[in-house]
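Novice:
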Amino acid sequence: MKERRDRILVVESDPDVGDQFICRTLRPIGYEVKWVKDADTAIQEVSHFHPHLVVTNLSLPGLSGKDLIVALSGQGFEVPIIVISASGGEKDVIQAFRLGATDFIRQPLREAELVSVVERALKNSRERRERERLSQELKQTNWELERRVRELTTIIAIGKAVTSITNQKTLFERIVEGGMYVTDADSGWVLVREDKGPPAYYLVAQRNLPKEITDTVGKPWEDKLSLQVIDSGVAMSVHDERVASLGVEHLGAALLVLPIKAKSEVIGILGVARKLPRPFRPSDQTVLEAVSDYASISIVNSRLFRTLEERAEYLKRLAESAKTAERIKDEILQNVSHELRTPLVTAMGYIDMFVEGEMGEVVDEQSEALKAVQEKLRQVVDMIQAMTSLDQVVMPDDLEAISLNDLTQEVVGRFETLATEKNIKLAVRLPSQPVLAFADRKQISRVLDELITNAIKFSPDGGKVLVAVEYTTDNLARVCVKDQGIGIEADRQQLIFDRFYQVDGSMTRKQGGLGIGLAMVKNIVTAHGGQVWVESKPGKGSAFYFTLLPPGEIP
Ligand code: ADP
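Start counting at 1 in the sequence shown, then tack on 813, and there's your number in the working numbering.
And the structure:
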């Protein structure tokens, strides 16, 4: 069964063979057959009839069958040709094959042989055409594939550039080049929206744009096409008269302009153009959209980068002014302390003289009052001393092996009256073996003093303060001062060791103080090679810990 009506041109001078035998054999089985008597007519007929097969006798009046083969192949007709040869005409058949004949039939013709030769020739021809079509398709697919690989490679390269190139100008130039390459364009450009002032679009990178355009660097970019793309947020591909009607001929004869978007907001434009009016296809737009996505990432990155830089600059200025403020504060502190200390020392000298009786007799009551004044003045002088010495690194100058058990008991003993007054239970927990540390006794006594003062100060009425001494698993001496007081917020726990820092620094705060006690504690403990820290929960209480090296370890 034939799938379609194949057309066969028969060239035979003998009507009995051509018209009677061949046509009558082939037509009933579905072929469209045309019979001509000579080669000249056949040559003309070929271009009208478009046969799928030619059957020709080799001996024809005028031009021979071989001449016909030559003429047809000369005119580029690639149809299979079956030649009919007289018996004994082998030589002619061989020549015909050399000239391009497909098959032959010997006279006298037999019906079965004719049909089989014709069908075989047509089948082969169909198969050849199919092979050619497939090979053509394969070529096309290969070409498409190569193009896709080229596009993908370019897009990947742009992606890499976005993450590795920090110079924005170079990056946008890569994007323009990549965009031109994947769309086979002659020129390209990137515009970026600038929001300082009224929003406007500026050229940041371009390739092959006319000089009069590139000269406008620094001026906002305006053309009807870009404006439409910005307004609609949709890509536009224009060519032919549209280019002229939009007044953008100076950019090219075919243009593809895409919005660069960040979260659906247009932040820039990516454009490509061709010199010739060869329109951009939808597939060009698809790949250019991928490039435009990268452009969007780079614009967003560059904005973030700029914000970061501005922020870093702001912080730098802030840090500088903080440093200056700190320096001024130090200077004022030093000056004020100096100015205060001189009259205070003089005043203390006089008081001492009164107390010693060198200024005449004082009655007991007066002596008591003078001693109280003497004590208060000493406290003020100590306070000034503490304030001004905070900057200096404390050096433990009288190092010895001390028993923290003894020292703790001694210091805690000094607080008993105060604790009772404030209705606070002050407890000590000591191990049976003495915990030894290599330290300056006076300085560690001050540390304990500060921590216990704070623990009592920030404890509620009826609260409990525990001072515990022990060895850590690493064999360090450790002291803990624990209270059930107001506690400290997690984000403040580091800050309280800074000098002058107070969680509540307001004038209306309940507790007094200068915010220098813990700074001094840290100073002393660190100078001893130890560590100090706090564990605390607001409303539950705080536990201050400090460690010291055991005797034998050099701080
Ligand atoms: P101050 O003279 O203000 O007590 P410190 O340097 O000793 O200065 O302490 C700094 C700040 O740390 C205090 O103002 C207080 O806010 C907080 N603080 C210190 N010890 C305690 C504690 N035991 N409980 C709660 N807060 C404390």
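Don't be surprised by glycine CBs; every beta carbon is placed ideally from N, CA and C.
Note that the coordinates shown come from a computational prediction; the quantities given were computed from them, not determined experimentally.
Measure the C-alpha to C-alpha separation of Leu912 and Ile882 and round it to an integer number of angstroms.
Specialist: What you label residue 912 is simply residue 99 of the sequence shown in a count that begins at 1. What you label residue 882 is simply residue 69 of the sequence shown in a count that begins at 1. Cα to Cα, the separation comes out at about 7 Å.
Novice: In the structure shown, what three-state DSSP assignment does Gln1307 receive?
Specialist: Your numbering for residue 1307 matches position 494 in the sequence shown. Reduced to three states, the DSSP call for Gln1307 is coil.
Novice: Under 8 Å Cβ to Cβ from Met1172, same chain only, skipping five residues before and after it: list those, please.
Specialist: Position 359 of the sequence shown, counted from the start, is the residue given in the question as residue 1172. Correct list, in chain order: Tyr1163 and Met1166.
Novice: Is Trp956 buried or exposed, if buried means 16 or more other CB atoms sit within 10 Å of its CB?
Specialist: In the sequence shown, counting from the first residue as 1, residue 956 sits at position 143. When all chains shown are included, Trp956 counts as exposed.
Novice: Alpha carbon to alpha carbon, how far is Gly843 from Asp851?
Specialist: Along the sequence shown, read from residue 1 onward, the residue named residue 843 stands at position 30. Along the sequence shown, read from residue 1 onward, the residue named residue 851 stands at position 38. In a straight line, the C-alpha of Gly843 is about 24 Å away from that of Asp851.
Novice: Closer than 6 Å to a non-hydrogen atom of ligand 1 - does that hold for the CB of Ile1301?
Specialist: Counting from one through the sequence shown, the residue named residue 1301 turns up at place 488. True, at least one ligand heavy atom lies under 6 Å from that Cβ.
Novice: Beta-carbon within less than 6 Å of Ile894's beta-carbon, same chain only, minus the 5 sequence neighbours each way: which residues are those?
Specialist: The count along the sequence shown starts at 1 and reaches residue 894 at position 81. If we look at Ile894 and ignore the five residues flanking it on each side, its Cβ neighbours are Val867, Ile882, Ala914 and Thr915.
Novice: May I ask which residues mark the beginning and end of the alpha helix (DSSP H) holding Glu903?
Specialist: Translated into positions along the sequence shown, residue 903 becomes position 90. It spans Glu903 to Leu912 - the alpha helix (DSSP H) in which Glu903 sits, taken as one unbroken run.
Novice: Indicate whether the contact test is met: 3 or more Cβ pairs, each with one atom in the segment 1187-1198 and one in the segment 1230-1238, closer than 8 Å.
Specialist: No: fewer than three Cβ pairs fall under 8 Å.
Novice: Considering only the beta carbon of each residue, do Gly1342 and Leu1362 sit closer than 7 Å?
Specialist: Translated into positions along the sequence shown, residue 1342 becomes position 529. Translated into positions along the sequence shown, residue 1362 becomes position 549. Closer than 7 Å, so yes.
Novice: Work out the CA separation of Ala1103 and Thr1017 for me, nearest whole Å.
Specialist: As a working note, residue 1017 is residue 204 in the sequence shown. As a working note, residue 1103 is residue 290 in the sequence shown. Residue 1017 is actually Val in this sequence, not Thr. Distance between the alpha carbons of Val1017 and Ala1103: 19 Å.
Novice: Throw me the rounded Cβ distance for the Val1260 and Ile1337 pair, which I believe falls under 8 Å.
Specialist: Position 447 of the sequence shown holds residue 1260. Position 524 of the sequence shown holds residue 1337. That pair is a contact at about 5 Å.
Novice: Assuming Gly1021 contacts Asp999 (C-beta within less than 8 Å), just tell me the rounded distance between them.
Specialist: As a working mapping, residue 1021 is identified with position 208 in the sequence shown. As a working mapping, residue 999 is identified with position 186 in the sequence shown. Position check: residue 1021 holds Asn in this sequence, whereas Gly was assumed. Indeed, because the Cβ distance is near 6 Å, the residues count as touching under 8 Å.
Novice: Of all the options Glu1181, Ser929, Pro1012 and Ser1258, which has the alpha carbon lying nearest to the alpha carbon of Pro1387?
Specialist: With the chain represented from 814 up to 1368, any question about residue 1387 goes unanswered, as that position is not in the structure.
Novice: Relative to the alpha-carbon of Ser1216, which residue among Val1282, Leu1157, Lys1184 and Val1168 has its alpha-carbon at the smallest distance?
Specialist: Residue 1216 sits at position 403 when you count from the first residue of the sequence shown. It is Val1282.
Novice: Taking 6 Å as the cut-off, is the beta-carbon of Asn1267 closer than that to any non-hydrogen atom of ligand 1?
Specialist: Within the sequence shown, the letter at position 454 stands for residue 1267. Asn1267: yes, Cβ under 6 Å from ligand 1.
Novice: Candidates Ala1250, Gly1275 and Tyr1284: which alpha carbon is nearest Pro1244's?
Specialist: Residue numbering aside, residue 1244 sits at position 431 when the sequence shown is read from its first letter. Per the Cα distances, Tyr1284.
Novice: Please say whether Arg919 and Ser900 have beta carbons closer to each other than 7 Å?
Specialist: One-based indexing of the sequence shown puts residue 900 at position 87. One-based indexing of the sequence shown puts residue 919 at position 106. Yes, the Cβ-Cβ distance between Ser900 and Arg919 is below 7 Å.
Novice: Are the CB atoms of Arg818 and Pro864 within a distance shorter than 7 Å?
Specialist: Translated into the one-based positions of the sequence shown, residue 864 becomes position 51. Translated into the one-based positions of the sequence shown, residue 818 becomes position 5. Not in contact: Pro864 and Arg818 (Cβ atoms no closer than 7 Å).
Novice: Going by other Cβ atoms of all chains shown within 10 Å of its Cβ, with 16 needed for buried, is Lys879 buried or exposed?
Specialist: By one-based count along the sequence shown, residue 879 stands at place 66. When all chains shown are included, Lys879 counts as buried.
Novice: Whole angstroms is fine: what's the gap from Gly1226's alpha carbon to Val1292's?
Specialist: As a working mapping, residue 1226 is identified with position 413 in the sequence shown. As a working mapping, residue 1292 is identified with position 479 in the sequence shown. Computed Cα separation, rounded: 16 Å.
Novice: For a test of the three-state rule: what should DSSP assign to Leu876, helix, strand or coil?
Specialist: Position 63 of the sequence shown, counted from the start, is the residue given in the question as residue 876. Leu876 falls in the coil class under three-state DSSP.
Novice: Between which two residues does the alpha helix (DSSP H) holding Gln1041 run?
Specialist: Working through the sequence shown from its first residue, we reach residue 1041 at position 228. Lys1037 to Ser1045 is the extent of the alpha helix (DSSP H) around Gln1041.
Novice: Could you say if the segment 1107-1118 and the segment 985-999 meet the contact criterion of at least three C-beta pairs nearer than 8 Å?
Specialist: Because the criterion of three Cβ pairs below 8 Å is met, the segment 1107-1118 and the segment 985-999 touch.
Novice: Apart from the five residues on each side of it in sequence, which residues of its chain come closer than 7 Å, Cβ to Cβ, to Pro1369?
Specialist: No answer is possible for residue 1369: it lies beyond the span of the chain, which begins at 814 and ends at 1368.
Novice: I'd like to confirm something about Gly991: is its beta-carbon nearer than 6 Å to some heavy atom of ligand 1, or not?
Specialist: For the purposes of this step, residue 991 is taken as residue 178 along the sequence shown, with counting starting at 1. It does not: the Cβ of Gly991 is nowhere closer than 6 Å to a heavy atom of ligand 1.
Novice: Using CA atoms only, rank isn't needed, just tell me which of Thr1286, Leu871 and Val849 is closest to Phe862.
Specialist: Mapped onto the sequence shown, residue 862 falls at position 49. Looking at the Cα atoms, Val849 is the closest of the given residues.
Novice: For Arg1094, which three-state DSSP category applies?
Specialist: Position 281 of the sequence shown, counted from the start, is the residue given in the question as residue 1094. Coil, per DSSP.
Novice: Pull up the CB-CB distance for Leu885 and Val859, whole angstroms please, since I reckon it's below 8 Å.
Specialist: Position 72 of the sequence shown, counting from 1, holds the residue named residue 885. Position 46 of the sequence shown, counting from 1, holds the residue named residue 859. Contact holds; Cβ gap of about 7 Å.
Novice: Determine the direct distance from the alpha carbon of Arg1130 to that of Glu1144, and round the result to whole angstroms.
Specialist: Position 331 of the sequence shown, counted from the first residue, corresponds to residue 1144. Position 317 of the sequence shown, counted from the first residue, corresponds to residue 1130. Straight-line Cα distance between these residues: approximately 21 Å.
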